[in-house]
Structures are given as C-alpha cells and as structure tokens.
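Below: the structure, in structure tokens.
Protein chains: 2
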Amino acid sequence: MRVGILGAGQLGRMIALAGYPLGIDCIFLGGGQDSPAGQVSRILPGGLDDNAQLDALAAQSDVVTFEFENVPVDALQRAAGGAPVHPSVDALAAGQDRLEEKRLLRSAGIPTAPYVAVSEAADLGRAEAKLGWPQVLKARRLGYDGKSQRIVHSTAELAAAWSELNRVPSIAEGWVRFEREVSLIGVRGAGGQTAFYPLSENVHTQGILSTTVAPYDDPDLQLTAEAWLSALMNRFDYRGVLTVEFFHTDAGLVANEIAPRVHNSGHWTIEGAETSQFENHLRGVLGLPLGSTATRGHAAMLNLIARMPDPTAILTIPGAHLHDYGKQPRPGRKLGHCTLLRPTRTEALKALNQLKSATT
Amino acid sequence: MRVGILGAGQLGRMIALAGYPLGIDCIFLGGGQDSPAGQVSRILPGGLDDNAQLDALAAQSDVVTFEFENVPVDALQRAAGGAPVHPSVDALAAGQDRLEEKRLLRSAGIPTAPYVAVSEAADLGRAEAKLGWPQVLKARRLGYDGKSQRIVHSTAELAAAWSELNRVPSIAEGWVRFEREVSLIGVRGAGGQTAFYPLSENVHTQGILSTTVAPYDDPDLQLTAEAWLSALMNRFDYRGVLTVEFFHTDAGLVANEIAPRVHNSGHWTIEGAETSQFENHLRGVLGLPLGSTATRGHAAMLNLIARMPDPTAILTIPGAHLHDYGKQPRPGRKLGHCTLLRPTRTEALKALNQLKSATT
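Residue numbers (our numbering), protein chains in the order written: chain Y, 1 to 360; chain D, 361 to 720.
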C-alpha cells in the first residue's frame, strides 16, 4: 500500500513512521530531501504547484492525503484526478477560510465565538457594535499558530490591525473568556466507522501550542464534542483524522478552529494511546479497520520550540520520549516534542514540570 | 547522531524506525534498496566484504553496530578502524562459534547442556559415551533458526548428520529436557549502566520462533538470569542489547544461545515496554541514558512466517499491532510479526489464539 502526501513537515514525518510497520509506504510532495518527511521517506522533487509531480504522486498512490491545512485546493483537486483523496477536497476548503469555517460550525449546531465578517471599512464599525472589546481580528485565509491575527482593544487598534493585514478579507471575533483550551481528535474510516481520542487539554504560549495533557476527563463534554465531530465528519463523508479545538467556558464548549488533519495536540497518542493518531489517519484514508483509541495512563506532551535541548537531559527522565523533527532551529519554530506517561493526572503534571525544567 | 549498521534485515529496519524520533539517522551496509532496512533508511551499495564501503560507513557514523550475529569479524574490525564499534568485536566473535560460546558461558558460571566438540571421527564415539541419546549435532559456525543442526538418536544417525554437515567443526550437545524456553534481553550503556526486560517465554516451531509471551513472571529466575547477563556484559565492557536464550528445566535455567544483538523474542517491547529493545540498543551504543524497561501489561507476539495474512484480519483484533518487514514471501521466512497487549497473562494467551486464527 502506498499513500501520497501533500506537504512534508513533521506531521508527514510522523505519518510515514507510523506507516512503515503496517507495510505502508508514504511518498511526499512539497519539500526537499532535508524536510522532516523527506529525511525519513521518499519525496518527489518540486512544489505543490507542479502538476506533473502531482500527477506522478497520484499515479503511484493508492490514496492521496495531506498533512497541513493550507495545501492549495487546486493541488488537491489535481491529485484527485489520479487517485482517491481523503479527507475530501471540500473538507480541506472549508477549513481554509475562517468565515466559511464559522458558518460550517454554526450550521452543524456547534457554538462559536460571535463574529463579524470584515471586507470593507464599514465592517469595522459593525464589529465594534456587535463584539465590544477586546476582539480578535484574523485574516480569513492562511493563518495558523497565531499568525495573521491580532488582539485589539479599541477602534483605533482594530483599524490599525486591519491595515497591518493589508485589508485582506478578515473576520473579527468576540473575545471568549475561557477556563481552558481543549481539543478533540476523531477519525472516520470506510463505511462511516468512527473512533475518538479523549479530550486533550492544551496550553498555548504566544499563539503556539506549548503543552498538552490528556485525557481531560469529563464524560459529558466528551460526548458533546464527539457528537459534533460526528456531524462534521458525516457531512463530508470524511475519511481520516479531524481535529477541533475548543474553548472550555462557563457555558460549555465553544469551537475555535477545525483542522482536517492530524494535530499537534494529538502527538501524545504515539505513546499514550493503543493506536496513534498517525496510524489511525492512515487506517482511515486507506479503508483499513480503525485502531483502538484506548489510553495507556495519563500523558503529558511538551513542544520543543526554537531550540533543541540536550537529548540526554530529556532521556534521563524516566519514561520521557523524545521526538526530534530534524529541523533547523529558528525562533518560534516547532523542532520536536517530548511525551511521558504517568498513572495519574497529578503525576503527569508533576513530570511535565520536570520536563520543562530539563529543557530550559 | 548517525549510527552505521552492518546488515540490513528486519532487525535493522526496526532499529532505524526507533532512531528517527530521537533524531538518530541510521545508515546501512549489507543489502539492497529493497532490503527491509533499505526500504526505510539510507543504505550504501555493496556487501560486507567491500572495504571501501565499510570505510565510508564508518566515516559517516558516530558509532557502528550490527544487526545479525554472522557479520564477518573482518568487516567489523575494518569498520572499527573508522568509528567506535559496539557491541565489541570480541562479543561478536564469541557468539559466532558454538564451542567458544559454550566455553564462555561455562567460564561465567552459567549452566549449559553437556557437550562434546566434534572435529574428527573419534569425537563421535566420545559424544555417544558422554551424552547418550538423543543429542543435537550443530555446526560450530553460521547456524541460526535451527539451520545447520540435526537431532540424532543413534551412532548411525550421528555419523550421517556429521557427513551432511560436510564434517565441518561441530559440537554435539546432550538433549536437555525442558518445560519451556525463555529468553532474557539486557542492555548495557556507557559507564556500565544496565537495564533488563522481564524474561520472555518463547515457543519454537521447526527451529523458528513462533510466539513470545511476556513477562514470564518468576522473580528468582529473573534475578539469576540478570546476574548472568551482567557477568557476560561486564566481561566485554558491552554496549547495546545482549540476548541469552535459556531452557527452563527442573534444575533451573540452562543457557542455549547468546545473541549479541536485538532479538526476535524482544519484538513485543515495541508496544509492551516503556522503551523498546531497538531504542535501548541505540541508546546503549551511543552512550545515551538507557530507557525504562517497565512493561505495559502482558504482551503476546506472533511471528508471521512464509505468507503475509490479509492485514485487515489482524487490524480488526482490538489492540493488534502489525509489523510488516517488506519482504518477499518464501517458505520458512519471517515476513513480519504482530503484537498485542492485555491486562493479564490469561487474556494475552487468549488473544494470541485469536491472532493465530486470524492469520491462518
């Protein structure tokens, strides 16, 4: 079995490594030999705008998928001419536009922050009237990890922020007061089979995921979120992993973002679940039976950002698992992560602090 | 960090896959692009008798190791001219000669079967007198998986067997009546740090490992075997994984074979232990801290021999993990394995039967 993958970052790398034991070879497009995925798997030369290579990828693949949500829709459509594509082009497209994403969530009955579409100057006034302060102005397209978005506290700041975004079509979102951020990762396979990991609790720093602790044990929230993801996945006849990030507020869960792919907040599943999100994504897109999402204790995941610590400092901590993506250091860049498991949440949190100390 | 590996089979493949997350790249010599290791990692062209490639491998590696015990000593010595080699050449050499292996075990106080070295016809009479019937005649060199050995029940059979072995230097071993076969896998790192997995219980069919169930829980046997492996490893200032296979008899453990490498009876550690034997081998040879060998429940491993079953049949079983080595089918050939974990030994044995049914 061979899976063609658009994009060649760390998510692709971890998908490829999950595939090998199953006899699944991945082949990538969208990076060089030195990309995180290119280091561990076969990669075609060229970019995602190279139709000849998109055709070549599809021709060699049983199924084509993608590992980042800003893959051009055109590229995925081109690949779809030569092989089945999962998740569907429609699911990808919906997640690429923050306004469409909000509409999709609302139409599925999933709460979101209040919002105002901003496409002309007059919309800024509407945003102030409807949302108050602070609010968050985000470009509708090509944003991730807090890029292309600004928190604003006044009319002047809002106008300045929109100018900074070059007045591209944007969306203003009302501020959501939350106690914590959680995410749910689900997977859907052939014939509508679904499986869900437990909710994960995430901490972001400067818009970038810093830590995840899982499971976040709240059976009612879990059921609610699973029902929502099921509704979204059924709508697209979805195959593969889908992630939704939520704010947990006094009034329950409020959806923040959809990612039609494996997700940083699910990296703990490599060690912490019976089947990792990466393996289940492959099983889902290939139509193989989904694997168990049962957990193995309580997991804590720490992202390694900007600088790789001395591996010895991490590996000395009992049960600490290092994941190095093979990337060059750069400020704000995710270079790797580490995960450890403990029998209880309290112990996992304590070990997470130990990890933090060892890596700074 | 880069590790050069002599040999390119499934053991190498699983070492390479264990290395990637740690930022360790492996580079192989001794197989083609289509070998199990060559499919997932960089491999140099040429064989183990190619001094130029041995030099190139060593020049690119922080440390050189090997993944099968019949690597020519000359090749390892050549590589040792360019990079540190672990485990040591002496440890490799000792395991390649069944007579030297027996002497080594005895000298470390480790019980073995009674034996007689067979190098001339007169030795056959000595074997009959000392060992009785049945006995096992084995070539001293290049035997594994029951190859190059014969069970014999009479003077005539012994003579015929030695003729079949082309009268190469051999060893006759007295028959050991055993209740079960177990193995111990240990790892030794820099500064003499050691770690041991629990004893594994193995079933061989026609000389080839068929199943492993672990842990085999017997604290006294465990301590005894650990002390023996420690003695062996200390003697060679050993770095990396060492495996000893034992017969468990009425009188306790009797050592059968030493393998100075990761071992088929330790494949369950990928899912069943906090750190796999493959990762710990890399940690050991590179001088990184060893990882925890704590278990995650009871593991059952089934080898997939001669024919790969439909993966769907395996993946449907809850928690079953498939490992496909990417090899062409052939009678008697190990093509892959599968492992599952259960909370108790009884459940693991039951699930193993389910696995067997699903794969035949």
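Built from N, CA and C at the ideal position, the CB exists for glycine as well.
Which residues share a DSSP beta bridge with residue i?
i: residue 299 of chain Y; result: Y:214 and Y:341
i: residue 554 of chain D; result: D:548
i: residue 135 of chain Y; result: Y:152 and Y:174
i: residue 562 of chain D; result: D:541 and D:572
i: residue 364 of chain D; result: D:387 and D:424
i: residue 117 of chain Y; result: Y:171
i: residue 472 of chain D; result: D:615
i: residue 682 of chain D; result: D:698
i: residue 608 of chain D; result: D:540 and D:613
i: residue 445 of chain D; result: D:424
i: residue 243 of chain Y; result: Y:185 and Y:259
i: residue 404 of chain D; result: D:389
i: residue 664 of chain D; result: D:696
i: residue 397 of chain D; result: In the DSSP output, where bridge partners are listed per residue, residue 397 of chain D has none listed.
i: residue 633 of chain D; result: D:655
Have a look at the options and flag the residue whose alpha-carbon is nearest the alpha-carbon of residue i.
i: residue 495 of chain D; options: D:467, D:479, D:719 and D:518; result: D:518
i: residue 61 of chain Y; options: Y:49, Y:276, Y:43 and Y:264; result: Y:43
i: residue 49 of chain Y; options: Y:35, Y:75, Y:27 and Y:32; result: Y:75
i: residue 208 of chain Y; options: Y:249, Y:305 and Y:35; result: Y:305
i: residue 620 of chain D; options: D:589, D:583 and D:630; result: D:589
i: residue 694 of chain D; options: D:566, D:599, D:710 and D:576; result: D:566
i: residue 462 of chain D; options: D:617, D:683 and D:696; result: D:617
i: residue 407 of chain D; options: D:367, D:614, D:383 and D:672; result: D:367
i: residue 242 of chain Y; options: Y:94, Y:168, Y:109 and Y:29; result: Y:94
i: residue 655 of chain D; options: Y:342, Y:252 and Y:282; result: Y:342
i: residue 447 of chain D; options: D:688, D:570, D:365 and D:471; result: D:365
i: residue 82 of chain Y; options: Y:174, Y:53 and Y:200; result: Y:53
i: residue 631 of chain D; options: D:488, D:516 and D:661; result: D:661
i: residue 646 of chain D; options: D:712, D:676 and D:598; result: D:598
i: residue 697 of chain D; options: D:508, D:670 and D:546; result: D:670
Note down, in chain order, every chain Y residue with its Cβ under 8 Å from the Cβ of residue i.
i: residue 672 of chain D; result: 288 and 289
Please compile the residues from chain D whose C-beta is within a distance smaller than 9 Å of the C-beta of residue i.
i: residue 357 of chain Y; result: Under the 9 Å cutoff, chain D gives no residues; its nearest Cβ is about 16 Å from residue 357 of chain Y.
i: residue 283 of chain Y; result: 675
i: residue 361 of chain Y; result: With chain Y covering only 1 through 360, there is no way to say anything about residue 361 of chain Y.
Hey, does residue i have any beta-carbon neighbour from chain Y nearer than 9 Å?
i: residue 654 of chain D; result: yes
i: residue 485 of chain D; result: no
i: residue 701 of chain D; result: yes
i: residue 392 of chain D; result: no
i: residue 372 of chain D; result: no
i: residue 696 of chain D; result: yes
At least one CB of chain D closer than 9 Å to the CB of residue i: is that the case?
i: residue 20 of chain Y; result: yes
i: residue 233 of chain Y; result: no
i: residue 215 of chain Y; result: no
i: residue 308 of chain Y; result: yes
Give the interface partners of residue i over in chain Y, defined as CB-CB distance under 7 Å, in chain order.
i: residue 683 of chain D; result: 21
How would you list, in chain order, the residues of chain D whose beta-carbon sits under 7 Å from the beta-carbon of residue i?
i: residue 40 of chain Y; result: 380
Check the Cβ of residue i against every Cβ in chain Y and list those closer than 9 Å, keeping chain order.
i: residue 678 of chain D; result: 274, 291, 292 and 294
Along chain D, which residues have their Cβ under 8 Å away from the Cβ of residue i?
i: residue 17 of chain Y; result: 377, 380 and 381
Members of the segment 264-280 of chain Y that neighbour chain D once the beta carbon cut-off is set at 7 Å: 274
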